[in-house]
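In what follows, a single structure is set out as structure tokens and then discussed.
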Amino acid sequence: MTDDTAMTAAPASLPTAYDPDGVEQRLYADWEQSGLFHAEPDDPGEPFAIILPPPNVTGALHIGHGLMMTEDVMVRHARMTGRNAVWVPGMDHAGISTQTVVEKELAEQGLTRHDLGREAFLERVWEWVDEYGGQILNQLRRLGASLDWEREAFTFDEQRSRAVTEVFVTLHEQGLLYRGNRLINWCPQCMTALSDIEVNHVETRGTLTSFVYPWADPDGAPGAGITVATTRPETMLGDTAIAVHPDDERYAGMVGRAVRHPFLDREIPVIADDWVDPEFGSGAVKITPAHDPNDYDMGQRHDLESISVIEPDGTLNDHAGSFADLDRFDAREAVVAALDEAGLLVTREDYTHQVGTCSRTGDVVEPLLSDQWFLEVRPLADKALAAVHAGDTRVLPPRLQTFFVDWLENLHDWCVSRQIWWGHRIPAWYCPDGHVTVDRDTPTACVDCGATDLRQDDDVLDTWFSSQLWPFIVFGWEKPGDHTPELETWYPNSVMETGYDINTFWVSRMLQIGLWFLDEVPFTTIWNHGLVRDGNGKKMSKSFGNVIDPMEFIESHGADALRLALFQHCSPGTDVPLSPDWVEGARRFLNKLFNATRFALQTLDGTRPGDLPPLDDLSLADRWILSRLEATRADVDRHYETWDFARMSATLYHFTWDELADWYLEAAKVVLYGDDEDAKARTRAVLARVLEDVLTLWHPLIPFVTEELWRHLTGADGGRDSLMVQPWPTARAEVDHDVIADFDVIVDLVTEVRRFRSANDVPPSRRFPLAVASSRADLLSDQAALVQALAGLDELTFTETIQERAGTSTIVFGAGEAQVELAGLIDVAAETARLTRERDNARDFLQRSRGKLANTQFVERAPEQVVTAERERAAETERAIAELERQMAALADLA
RNA sequence: GGGCGCGUAGCUCAGCGGGAGAGCGCUGCCUUCACACGGCAGAGGCCGCAGGUUCGAAACCUGCCGCGCCCACCA
């Protein structure tokens with residue numbers, strides 16, 4: 049053994065319990081060094097690509113990132129099935145988040161970003177990113193992520209930034225990106241515009257205020273004026289119309305008249321619009337085009353004046369007259385007070401309604417008129433819709449396909465400009481006359497007037513504008529027409545795996561922009577995971593105190609345990625409950641797997657996994673475990689088709705623990721501790737084969753422990769000789785249902801004896817003889833050594849004293865030579881009660897079966913084999929009843 | 001207001017037309033030569049409620065009740 053291999057090969061002997069600490073770090077370093085995570089476009093195999101949803105550069109690993117390891121499972125599986133698999137890591141510059149982090153640091157020194165100026169501030173952010181950013185990527189290493197680190201990308205690196213500018217300019221050239229003065233969502237705390245989806249609608253208890261606008265010309269007008277209602281009284285300072293429904297008889301003849309603003313020197317016209325709901329309130333609505341989306345639309349339809357009264361910082365401006373300089377919420381109270389004083393206030397009632405809030409700060413969003421850049425999404429969304437309808441992208445879970453369709457059908461234009469500094473600066477320049485020049489490089493002169501005195505737009509792009517390009521810019525795309533080898537090979541990506549919570553922000557936009565620029569969907573499958581919740585299904589939140597730190601679990605239980613605990617609950621689109629108990633349970637499983645292998649290594653006597661002996665030479669137990677292995681393997685493969693990690697885990701867990709460890713290993717001991725050397729060799733061959741296959745099937749899910757054990761099992765040195773690139777198991781044998789049924793007979797008998805022991809306090813150490821009455825005496829006789837060992841019998845004989853139970857074979861009672869001894873132990877009364885219950889059940893069942901068979905409709909519809917099976921079952925049940933009755937009689941004699 | 005999902009064992013969930021299941025927890029027995037991070041056995045359920053379809057419903061349909069999520073410009 050050279051020094052090299054000593055570094056990476058596993059220790060020679062195994063401790064009695066698995067301790068992942070140290071093992072995982074050693075193996076990851078070895079994997080990363082081996083270069084096996086890296087793929088090239090011309091590597092052999094059908095391409096398979098996943099891009100890691102780039103975490104925020106400011107991010108620390110939280111438990112939700114654990115679910116990203118589902119991508120690791122996909123990629124590892126793809127590698128093992130011979131595909132040219134790549135998983136690309138990267139980070140998102142996360143505009144507002146990152147800027148906020150650095151601004152908070154500045155605030156501690158009593159500074160704002162404006163004190164530093166744009167350039168110095170950006171330098172400061174870069175410093176922060178260099179020093180603290182990207183820690184999360186190392187934490188992903190700790191989780192075992194087999195990412196191709198040579199391909200790491202950053203949304204704000206030079207190459208990616210060129211692509212972002214190119215996309216902006218191209219869309220502008222196509223007339224889809226435009227600048228406009230429109231009503232946008234403004235967060236007074238962030239001091240930037242937001243897109244629609246960055247606004248949460250939160251149910252809020254507020255007040256509905258009704259007040260009267262007096263007639264400008266009281267003569268001849270009915271009543272004192274028109275009553276309107278609002279939840280935001282301060283906006284009345286920007287009112288420029290009162291709207292009523294055209295068919296509303298109460299207001300017939302009033303349209304065209306005017307009311308007088310009580311606090312400002314202006315008259316306000318009454319207009320008619322059928323948007324107004326006559327049922328609500330007084331049927332008249334105050335219209336503030338500058339501060340309400342509906343009113344803005346109304347203003348557009350009726351060519352109303354828009355008067356902005358609220359400033360970006362949330363205070364009122366000079367248009368608000370005497371209310372100028374008040375904060376918007378103070379102004380609300382002040383306006384109500386003034387209305388009251390003027391005798392115009394009608395009512396104030398409690399009112400629960402939805403209030404738009406900033407998804408980041410929770411501050412109440414203010415609709416404002418503002419100059420911003422917008423992307424016209426309709427053409428892009430239509431293209432994406434067509435692709436979704438055509439099934440170019442498979443959506444898992446399938447029900448979410450409807451979500452994408454609905455979403456894309458109802459999209460509004462996207463406000464892409466943000467009034468912050470950290471991000472891709474908008475490639476637009478203004479001349480003194482206000483002409484706009486959009487260009488890839490800094491222009492020297494205004495495209496309209498030739499002026500050379502140009503100023504670049506101060507704004508930057510929404511972070512999602514760049515991350516939507518991720519599926520192709522990570523592969524070197526910089527401009528339309530680019531065809532790098534990576535793009536040729538790995539675009540479209542194979543799977544887009546994310547939480548369903550970012551489908552609107554990210555997935556749907558990638559779909560649109562990818563199709564628009566590359567004319568192909570960016571990924572052929574969308575796989576949505578759910579949210580990680582606590583062990584009681586509650587949302588994790590700091591205020592509940594139920595937040596789980598993944599690193600804590602990795603340190604105490606290992607990455608494999610955390611991964612398995614997550615996977616065990618992870619099916620498409622379902623939330624994942626996680627508690628310390630789950631992780632603990634997963635770790636106990638790993639220990640089981642570890643010890644099963646440890647046992648095997650002790651008894652294999654150097655046998656390595658290889659070809660199997662001819663099936664006909666193998667024992668029943670050997671053939672049984674091979675059949676079960678094959679059934680398991682097929683199930684696992686099926687679950688890979690829908691990436692159902694919970695079912696993969698459950699299938700393998702059951703096989704490993706219940707079948708391999710609890711039954712097969714115990715059965716194998718009978719041979720391995722015996723003295724038939726040929727039989728031993730055959731069982732060793734089977735054991736080694738099954739163990740390697742099971743480790744291989746488990747590997748994508750729990751890569752560390754399986755790699756470690758596999759190296760012991762095979763003597764592999766590590767490096768490129770890794771389980772990570774071993775071929776995925778194929779069928780070793782057909783599933784033999786007769787063999788499985790036969791082994792079940794053994795299992796039933798052994799279980800029945802154990803149950804008897806437990807019920808009668810017969811300790812395992814006490815061996816006793818047993819006489820069996822069974823229709824499968826031949827089988828049991830063949831397997832006598834096995835049955836005796838597993839059931840703790842010192843003799844197994846066969847008798848017909850008590851009749852066999854028809855249809856089944858193994859439920860047995862003392863008889864023959866053993867009769868006296870066992871009869872003393874059997875609780876005859878309990879046994880009789882049990883049999884009576886069984887008989888009743890059987891009769892019920894029989895009745896149901898008859899009903900079924902009597903139903904011609906059923907017979908016509910059901911497949912022939914179902915009918916046949918049911919007929920047999922009914923006949924069997926009839927026999928069973930007769931038999932049960934005989935047994936009961938026999939038991940009575942025994943007593 | 002619209003849409004979606006979920007109510008099954010104490011907890012978390014699987015099953016989604018023909019014998020009520022798993023893990024954890026719980027009870028009893030066992031330190032037997034892979035594992036006490038273990039083994040064996042067991043207790044525990046009007047499968048949310050009410051109708052309907054069916055020979056048969058936890059499963060399918062309708063309604064109701066309760067929980068959760070997403071979307072939405074009724075002031």
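Here this note's numbering is used: the first residue of the first sequence is 49, the next is one more, and so on.
C-beta atoms are modelled at their ideal positions from N, C-alpha and C, and glycine is treated no differently.
This one's a predicted model, so the numbers in the text were calculated from it and none came from an experiment.
Where LYS334 is concerned, the enclosing beta strand (DSSP E) starts and stops at 332-335.
Around the beta carbon of HIS125, 16 or more other beta carbons sit within 10 angstroms, so the residue counts as buried. Taken atom to atom, the span from the alpha-carbon of TRP564 to that of LEU517 is near 11 Å. Counting other Cβ atoms within 10 Å of its Cβ, GLU151 reaches 16 or more and is therefore classed as buried. Of the candidates TYR701, GLN504, GLY482, ASP481, the residue whose Cα lies closest to the Cα of PRO491 is GLN504.
DSSP places GLN402 in the strand class (E or B) of the three-state scheme. Residue state for ILE98 is assigned as strand, using DSSP reduced to three classes. Take the alpha-carbon of ASN584 and the one of GLU534: they are about 44 Å apart. For GLN420, the uninterrupted beta strand (DSSP E) segment begins and ends at 414-423.
If the five residues before and after ARG488 are omitted, its C-beta is found closer than 8 Å to the C-beta atoms of THR213, GLU214, VAL217, PRO475, all from its own chain and listed in chain order.
In the displayed model, ASN594 falls within coil according to three-state DSSP, outside both helix and strand.
A residue is called buried when at least 16 other Cβ atoms come within 10 angstroms of its Cβ; HIS577 meets this threshold and is buried.
In this structure the region 423-441 lies against the region 561-575, because at least three pairs of beta carbons, one per stretch, are closer than 8 Å.
At a Cβ-Cβ threshold of 8 Å, PHE752 and VAL71 count as neighbours. By the CB criterion at 8 Å, ASN551 and PHE642 fall outside the cutoff.
Among the bridge pairs identified by DSSP, TRP477 is matched with THR485, GLN504. Nearest C-alpha to HIS309 among VAL260, GLY329, ASP296, ASP351: VAL260. Per DSSP, the beta-bridge partners of ILE290 are VAL318, LYS334. Our two residues, TYR688 and MET284, have alpha carbons roughly 60 Å apart in a direct line.
Around the Cβ of SER619, a 10 Å sphere holds 16 or more other Cβ atoms; the residue is buried. Around the beta carbon of VAL250, fewer than 16 other beta carbons sit within 10 angstroms, so the residue counts as exposed. Beta-bridge partners of ASN233 (DSSP): LEU242, PRO415. Minimum Cα-Cα distance from PRO63 among the listed residues GLU315, GLY763, GLU756 corresponds to GLU756.
For PHE169, there is no enclosing beta strand (DSSP E); the enclosing alpha helix (DSSP H) covers residues 166-180.
For GLY130, the CB contacts under 6 Å within the same chain, skipping 5 residues up- and downstream, are GLY93 in chain order. The C-beta of GLU707 has 16 or more other C-beta atoms within 10 Å across all chains shown, which makes the residue buried.
Secondary structure of TRP672 (DSSP, three-state): helix. When DSSP states are grouped into helix, strand and coil, VAL495 belongs to the coil group. Taking GLN402 as the centre and dropping the five residues before and after it, the same chain places the C-beta of HIS249, VAL250, GLU251, THR252 closer than 8 Å to its C-beta, in chain order. Taking the CA atoms as reference points, ASN594 sits about 35 Å from PRO519. Restricting attention to GLU80, ASP91, GLN81, the CA atom closest to the CA of GLU536 is found in ASP91. The alpha-carbon of SER589 is positioned some 9 Å away from that of ASP582. Taking a cut-off of 8 Å on C-beta distances, the region 611-626 touches the region 687-701, as three or more cross pairs fall below it. In this structure, ASN342 is the residue among GLU315, ASN342, ARG314, PRO337 with its C-alpha nearest to the C-alpha of VAL324. Two segments are said to touch when three or more pairs of C-beta atoms, one from each, lie closer than 8 Å; by this definition the region 635-650 touches the region 596-615. DSSP places SER356 outside any alpha helix (DSSP H), giving it a letter other than H or E.
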